[in-house]
Structures are given as structure tokens and as C-alpha cells.
Amino acid sequence: MSGTVNAAAEGTAGYRGRNSTADRALDILLLFDDDRLVLSAQQVAEHLGVARSTAYRYLQSLTTMSFLEENDGGSGFRIGPRVLELARLARKGIGLSDLALPVMRDLVDTTGQAALLTRRTGASVVCLERVEAPTAIRLSYERGQILPVNAGAAALALLAWAPAAERDEILSRPLARFTEATLTDPEALRSRLAEIRASGVALGRGELDPDVLGIAAPVRGSDGGVIAAVSIAALAHRVPDDRVPALSGAVRKAADDLTHQARLSGL
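So for the sequence shown, this note's numbering puts the first residue at 29; every next one is plus one.
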């Protein structure tokens, strides 16, 4: 996203620059279209400009995460169930987005910070909506962006209220690190998630994007389960500590307002 960024953020290449493996995984997924429903390792190797063995490792990694699956007879790779699940959530999220956008705009007006709406699917978080602030900042979260669930206030809010069995399964896997502030130790992360549940709000500082302060709260559906998170993102050095409680209260109110609307709509 274009806009004003602080010196620390300008000194980094951003999330995508820090994680070329994620870039290549997305490149592979974007190779699929109506005329190319199955990919071979050789096609991927030629597109990425890497050895066939390297391309195959990328394909196997995506298969392990269920983004791809091997085609019948081992003749290549096709779209896997995780992508279909993301598509289902995207369709389901359209109704939630319609409800959320007015709430998010009010949150931006109240706080002066960018507002985000995110949902979780497995070990990933999807950004459904983003409303810009008067002063824009560079963020990893773009509409439609898929990110890991262990970094950033929005992701941690969703993980904190995930069903215990799913949370345990996610924490049993290796966790990605994006900055020095990212928590990758499972026990440390469990303790952090317990604190988030106790306080009702997630606060993140530079765990995904350097010098970005994030505050997130859960949105619940008609069955009481957490269906999304509402959050704000700001440059940390522009937010004094004594303003954090007021911002947290505004985020919590926005999440409560959206929860009320989601329940009335049967989401």
C-alpha cells in the first residue's frame, strides 16, 4: 500500500520481501486457470526459473498444507481442499463484510487508524476487508492476503479463541518468524493467548510488520463462536502508551457492535 511509512518500515523489504518462499508458493497457486487445472514440477520449475527438484519441494510443501493435491496417477498437482475452503469462507464472508464496513469506517473515524476485518482458516488468516486511515501506512495485510496465524494482533485474537483442539494442532507445527518480536515458542505463545482471552483484546507490537501497533478483538456469530476479528493498525511511535486503553476500548466496541449485527443476521 502506498503512503507514509516510518524510517524503520522503509528500511525493510516488507513481508513479501522477507519471505520469498511464500512469494513462490503464491506464484505457483496463481499459475492455475481454466486452461491449466493440473501443474507439473517441470512447468513450475520453468515458471520460477529454478531446478525441477526445487520446484518439486515447493509443490510437496503446498501438498502437505492441503493447498494442492497430487493428480490421479501422479501426473501432476491440482488445487487442494484448503483452497476450496478459503473460497467457501470468502463467499461466506461477503455478508459479514457488508455488515462490517460501516462499523470499520466508524472505527477509523474514532481512532484515526486503519481498520481490518480478518478470519481464520486452519493455520492461516485471511484479510476480508481493510479501511484506510487518513495517514496510510505499509502493512502486510491487504484484502485477500493470506498470512500465518501466529503473528500480529488480528491473527493472535483469532488463534486465542480458536477451539482448543485446533489451537493445539496449530501450535504443534513449526511457527514462522517475521521479526524479532514474533513469538515462535509454543509455550510462550500459549501464555500470550491466555492473556489475550483474559483481557478480551489482543495487542501486538512489531510481530508481523516492524514498528506497527495492532489492536484486535473477536467478533462472534449466532452460535457464540468467533467468526472474525476487527482490528486497527498504527505506527507504534505515533501512539503514546496512555492512548492504548482508549484505542482498545474503541476496537472492543466495534467488535461488539459487529457481533450484535452478525447475530441478528444469523451469521
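From the three backbone atoms N, C-alpha and C, an ideal C-beta is built for every residue, glycine too.
Beta-carbon contacts of residue i that lie in its chain and below 6 Å, excluding the five residues immediately before and after
i           : result
residue 108 : 94, 95, 96 and 97
residue 254 : 189, 246 and 248
residue 132 : 143 and 159
residue 294 : 250
residue 285 : 131
residue 210 : 179 and 235
Distance between beta carbons of residue j and residue i, contact taken as under 8 Å
i           : j           : result
residue 278 : residue 135 : 6 Å
residue 111 : residue 148 : At roughly 16 Å, the Cβ-Cβ gap does not stay under 8 Å, so residue 111 and residue 148 are not in contact.
residue 243 : residue 276 : 5 Å
Residue i and residue j closer than 8 Å at C-beta
i           : j           : result
residue 158 : residue 181 : no
residue 179 : residue 236 : yes
residue 79  : residue 72  : no
residue 154 : residue 114 : yes
residue 106 : residue 65  : yes
residue 86  : residue 50  : no
residue 58  : residue 67  : no
Inter-residue Cα distance where the pair is residue i and residue j
i           : j           : result
residue 33  : residue 264 : The predicted position of residue 33 is uncertain, since its pLDDT is 36 and thus under 50; a value taken from the coordinates is nonetheless stated next. In a straight line, the C-alpha of residue 33 is about 11 Å away from that of residue 264.
residue 218 : residue 186 : 13 Å
residue 39  : residue 238 : With a pLDDT of only 35 at residue 39, under 50, the local geometry of the prediction cannot be trusted, and no value is derived from it.
residue 233 : residue 227 : 16 Å
residue 204 : residue 174 : 14 Å
residue 241 : residue 257 : 16 Å
residue 251 : residue 273 : 29 Å
residue 31  : residue 150 : In this prediction, residue 31 has a pLDDT of 41, which is less than 50 and means its spatial position is unreliable; what the coordinates show is noted afterwards. Between residue 31 and residue 150, the C-alpha separation is close to 32 Å.
residue 172 : residue 61  : 18 Å
residue 146 : residue 127 : 13 Å
residue 220 : residue 208 : 16 Å
residue 102 : residue 290 : 44 Å
residue 91  : residue 170 : 25 Å
residue 202 : residue 104 : 27 Å
residue 164 : residue 231 : 20 Å
residue 89  : residue 152 : 15 Å
residue 212 : residue 222 : 16 Å
residue 282 : residue 266 : 22 Å
residue 36  : residue 259 : With a pLDDT of only 35 at residue 36, under 50, the local geometry of the prediction cannot be trusted, and no value is derived from it.
residue 137 : residue 63  : 45 Å
Cβ shell of residue i (< 7 Å), same chain only, five flanking positions each side left out
i           : result
residue 280 : 228, 229 and 245
residue 19  : There is no way to answer for residue 19, as the model of the chain reaches only from 29 to 295.
residue 199 : 214, 217 and 218
residue 69  : 80, 83, 84 and 87
residue 76  : 52, 55 and 83
residue 268 : none
residue 99  : 66, 105 and 106
First through last residue of the beta strand (DSSP E) which encompasses residue i
i           : result
residue 152 : 152-159
residue 91  : Unbroken run through residue 91 is the alpha helix (DSSP H), 80-92; no beta strand (DSSP E).
residue 98  : 96-98
residue 236 : Residue 236 -> no beta strand (DSSP E), and no H or E assigned at all.
Element boundaries [alpha helix (DSSP H), containing residue i]
i           : result
residue 258 : Residue 258 -> not in any alpha helix (DSSP H); beta strand (DSSP E) instead, spanning 254-263.
residue 185 : 181-188
residue 214 : 214-227
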